[in-house]
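Novice: Just passing along the structure, written as structure tokens.
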Amino acid sequence: MPELSAKVALAPPGTPTPKGQQQKGKDKNNAEAQEAKAQRKAEKAARRAAKVSEQGKSNKPPPEAVAPGRVQSQAKQGRTASGAGNASSGGGGGGGGGGSANSVGNVTAGNAISSLTTQGTAIHGTDILDKRVGLFKHLEITRRSGTADAAKDIHPAILALTLQFASYTVIGSSARCRATLRAFQTVIKDYRTPAGTTLSRNLTNHLSRQIDFLKTARPLSITMGNAIRWLKQEISVVSIDISDDQARESLREKIDTYIRDKIEVADRVIVQSAVKQISKGDVILTFSRSAVVEQVFLEANLRGIEFSVVVVDTRPFFEGKEMVRRLSNAGLRCEYVLISGLSYVLNDITSVFLGAHAVLSNGQLYSRVGTALVAMSAKRKNIPVIVCCESIKFSNRVQLDSVTFNELGSPDDLMNISIDSAPKPGPLKNWRDLPNLKLLNILYDLTPPDYIKKIVTEVGSLPPSSVPVIIREYNSA
């Protein structure tokens with residue numbers, strides 16, 4: 007025993023024993039694991055903080071930011087289109103588009119606010135801004151939004167409508183305009199003029215704040231812009247000699263009259279005129295879904311005219327499916343084809359009927375992307391192209407291309423390969439992680455006036471070159 011003690015004592019200080027070496031190795035591994043775990047937690051906390059910071063920003067985004075918007079899950083579930091009959095109760099990409107119209111849906115203000123709160127917490131990161139196609143970087147791209155962006159004076163009806171716009175539950179130029187005016191009626195009904203001011207001065211500013219929040223979902227359609235300018239003009243001429251109750255009631259009645267005259271009655275007049283362009287045995291082609299074009303087909307069918315319809319459709323909304331369902335249920339013979347098969351169905355077509363998001367003052371048709379391709383293909387085969395469009399969709403704007411002014415949809419819509427309401431990610435589900443891949447989901451295009459034979463409006467049928475005359479008469483009225 008003394009010898010053993012001596013040997014241990016003779017060992018150099020700090021020399022580890024075999025058991026000590028094993029324990030030191032374990033401690034080192036544990037330390038590295040703890041360090042890696044702590045680093046992962048720190049990165050996760052940083053990402054969470056970045057999201058919270060992004061949500062806490064005001065409604066005035068930095069110059070490089072763009073308007074918030076779509077809720078992906080709502081977008082796929084909410085595309086239940088309304089027909090001609092219930093379009094007036096609903097609300098055209100329009101801004102709706104292609105002149106199509108969908109119902110406002112059964113989303114109440116309370117449910118909409120709840121959905122905005124729960125679904126608005128996850129927003130796209132700034133990487134989606136960096137993934138925009140260079141030529142279209144100046145255009146707005148929709149992102150998800152929450153109630154954190156809403157000021158306290160934003161009306162619940164506007165919050166609900168913003169959600170419906172963002173999720174594309176309300177789609178189509180006329181439908182969006184109608185829904186906006188209905189929401190403004192509710193805002194005006196609940197409005198109270200603050201002390202020290204007048205309704206004609208303060209209500210315009212109050213509506214402007216509602217409009218600014220609506221634009222966080224999607225840009226205003228041409229029809230909405232025309233209607234908003236009219237409403238502000240009506241507010242500005244409200245007499246200060248009448249009570250606020252009388253003024254509010256008068257404005258709400260004027261909105262009812264505007265919707266009836268500019269949208270509902272206009273559609274009926276267009277239908278009565280356009281149905282005369284359909285003859286027995288015609289094979290008519292239409293693109294996507296337009297509420298007024300759908301009414302034309304249904305009216306022709308009620309009159310006993312025997313004809314068939316070919317509906318050409320495209321991603322990401324597949325609006326034509328609802329039109330095919332409604333027309334076939336009404337007894338019309340229909341065919342459904344995607345735009346990739348357009349050339350194979352043109353040989354038997356006698357005429358093309360199209361809706362519109364807007365018609366510009368230089369005669370250009372601004373409508374759902376793909377419309378220009380359909381019109382051009384028909385023109386090459388000498389097939390007449392007829393556009394059904396209310397005069398409220400006419401614009402003073404002059405545009406020569408689809409790049410200067412347009413709207414970008416969510417790139418994630420192109421990632422989805424599902425053909426029904428349930429999203430189904432495809433091979434591009436990780437597209438944001440691919441540095442060499444960018445997705446372009448552009449919503450509208452321009453059709454040159456040379457491709458259009460006539461535009462059927464409530465003031466008559468006219469060539470595209472006569473659009474400035476109608477705009478001048480509309481503005482003077």
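Just so we're aligned: the sequence shown equals residues 7 to 483 in the numbering used here.
For every residue, glycine included, the Cβ atom is placed at its ideal position computed from N, Cα and C.
Indicate the three-state DSSP secondary structure (helix, strand or coil) for C394 in the structure shown.
Specialist: C394: strand per DSSP, three-state reduction.
Novice: What are the residues that DSSP puts in a beta bridge with F359?
Specialist: Beta-bridge pairing links F359 to T292, I392.
Novice: Between L308, V375, I284, S285, which has its C-alpha nearest F323's C-alpha?
Specialist: Ranking L308, V375, I284, S285 by Cα distance to F323 puts V375 first.
Novice: State yes or no: is the C-beta of L452 within less than 7 Å of the C-beta of Y372?
Specialist: Their beta carbons are under 7 Å apart, which means L452 touches Y372 by this criterion.
Novice: Can at least three beta-carbon pairs, one atom from the stretch 183-203 and one from the stretch 225-239, be found at a separation below 8 Å?
Specialist: Yes, the stretch 183-203 is in contact with the stretch 225-239.
Novice: By the three-class DSSP mapping on this structure, what secondary structure does T222 have?
Specialist: It is coil, neither helix nor strand.
Novice: For D159, collect the residues of the same chain with a Cβ closer than 8 Å to its Cβ; drop the 5 residues on either side in sequence, then sort them by chain order.
Specialist: Same-chain partners within the cutoff: H212, R215.
Novice: Among E270, A163, L440, L434, which one has its Cα closest to the Cα of T463?
Specialist: For T463, the nearest C-alpha among the options comes from E270.
Novice: Taking 7 Å as the cut-off, decide whether the C-beta atoms of I484 and K286 are in contact.
Specialist: Here the chain covers residues 7 to 483 and nothing more, so residue 484 does not appear.
Novice: Which residue wins for smallest C-alpha separation from V473, given the options I261, G202, D319, V365?
Specialist: Taking only the C-alpha atoms, the option nearest V473 is V365.
Novice: Closest by CA to G432, which one among N442, P417, V330?
Specialist: If we check each option's Cα against that of G432, P417 comes out closest.
Novice: Measuring straight from C-alpha to C-alpha, what distance separates R1 and F359?
Specialist: The structure shown does not extend to residue 1, since the chain is modelled only from 7 through 483, so no value can be given for it.
Novice: Select from R339, A297, Q405, S179 the residue whose C-alpha is nearest the C-alpha of G310.
Specialist: Minimum Cα distance to G310 is reached at R339.
Novice: For F171 versus A223, is the C-beta spacing smaller than 7 Å?
Specialist: Yes, the pair counts as a contact, with Cβ atoms nearer than the cut-off.
Novice: Kindly provide the ranges of any alpha helix (DSSP H) runs that are 4 or more residues long and lie completely inside the stretch 251-339, ordered along the chain.
Specialist: With a minimum length of 4 residues, the continuous alpha helix (DSSP H) runs that stay inside the stretch 251-339 are 272-280, 297-308, 326-335.
Novice: Can you give me the C-alpha to C-alpha distance between L352 and A384, rounded to a whole angstrom?
Specialist: Taking the straight line from one Cα to the other gives about 7 Å.
Novice: Could you say if the stretch 260-276 and the stretch 388-407 meet the contact criterion of at least three C-beta pairs nearer than 8 Å?
Specialist: Counting Cβ pairs under 8 Å, three or more are found: they touch.
Novice: For P455, which residues in the same chain have their Cβ closer than 6 Å to its Cβ, ignoring the five residues on either side in sequence?
Specialist: The residues are G369, P470.
Novice: Following the continuous beta strand (DSSP E) through K460, name the residue where it begins and the one where it ends.
Specialist: That run of the beta strand (DSSP E) goes 460-463.
Novice: Cα separation between I476 and S367?
Specialist: Taking the straight line joining both Cα atoms gives about 9 Å.
Novice: List the whole-angstrom C-beta distance separating V281 from V302, where the pair is believed to meet the contact cut-off of C-beta under 8 Å.
Specialist: About 6 Å separates the two Cβ atoms, so the contact holds.
Novice: By Cβ distance, which residues of its chain are closer than 8 Å to T114, with the 5 residues on each side in sequence left out?
Specialist: Low confidence applies to T114: its pLDDT is 41, below 50, so where it sits in the model is not reliable enough to give any reading.
Novice: Where do the N-terminal and C-terminal ends of the beta strand (DSSP E) with G466 fall, by residue?
Specialist: Element bounds for G466: 466-468.
Novice: State the DSSP-derived secondary structure class of A201, mapped to helix, strand or coil.
Specialist: In the structure shown, A201 sits in coil (DSSP, three-state: anything other than H, G, I, E or B).
Novice: Would a check of beta-carbon distances place P200 closer than 7 Å to chain C?
Specialist: No chain C is present in this structure, which holds just one protein chain.
Novice: In this structure, how does DSSP classify T210 when only helix, strand and coil are distinguished?
Specialist: Looking at T210 - three-state DSSP - the assignment turns out to be helix.
Novice: Tell me whether H161 is buried or exposed, calling it buried when 16 or more other Cβ atoms sit within 10 Å of its Cβ.
Specialist: Buried, by the Cβ-count rule.
Novice: With burial defined as no fewer than 16 other Cβ atoms inside 10 Å of the residue's Cβ, what is the status of D354: buried or exposed?
Specialist: So D354 ends up on the exposed side.
Novice: Short of 6 Å in beta carbon distance, which residues of its chain neighbour L291, apart from the five on each side in sequence? Order them along the chain.
Specialist: Here the set comprises V316, I355, V358.
Novice: Would V243 be called buried (16 or more neighbouring beta carbons within 10 Å of its own) or exposed?
Specialist: That one is exposed.
Novice: For N525, which of helix, strand or coil comes out of DSSP?
Specialist: As displayed, the chain neither begins before 7 nor continues past 483, which places residue 525 out of reach and without an answer.
Novice: May I have the straight-line CA-CA distance separating T283 from R331, to the nearest angstrom?
Specialist: One detail in the question is off: residue 283 reads as Gln in this sequence, not Thr. Answer to the nearest angstrom: the Cα atoms are 23 Å apart.
Novice: Identify whether S346 lies in helix, strand or coil by the three-state DSSP scheme.
Specialist: The answer is helix: DSSP assigns S346 an H, G or I state.
Novice: Starting from S383 and walking both ways along the alpha helix (DSSP H), at which residues does that stretch end?
Specialist: Where S383 is concerned, the enclosing alpha helix (DSSP H) stretches over 377-386.
Novice: Please classify H144: is it buried, with 16 or more other beta-carbons within 10 angstroms of its beta-carbon, or exposed?
Specialist: Burial call: exposed.
Novice: In this structure, how does DSSP classify N353 when only helix, strand and coil are distinguished?
Specialist: Residue state, collapsed to three classes: helix.
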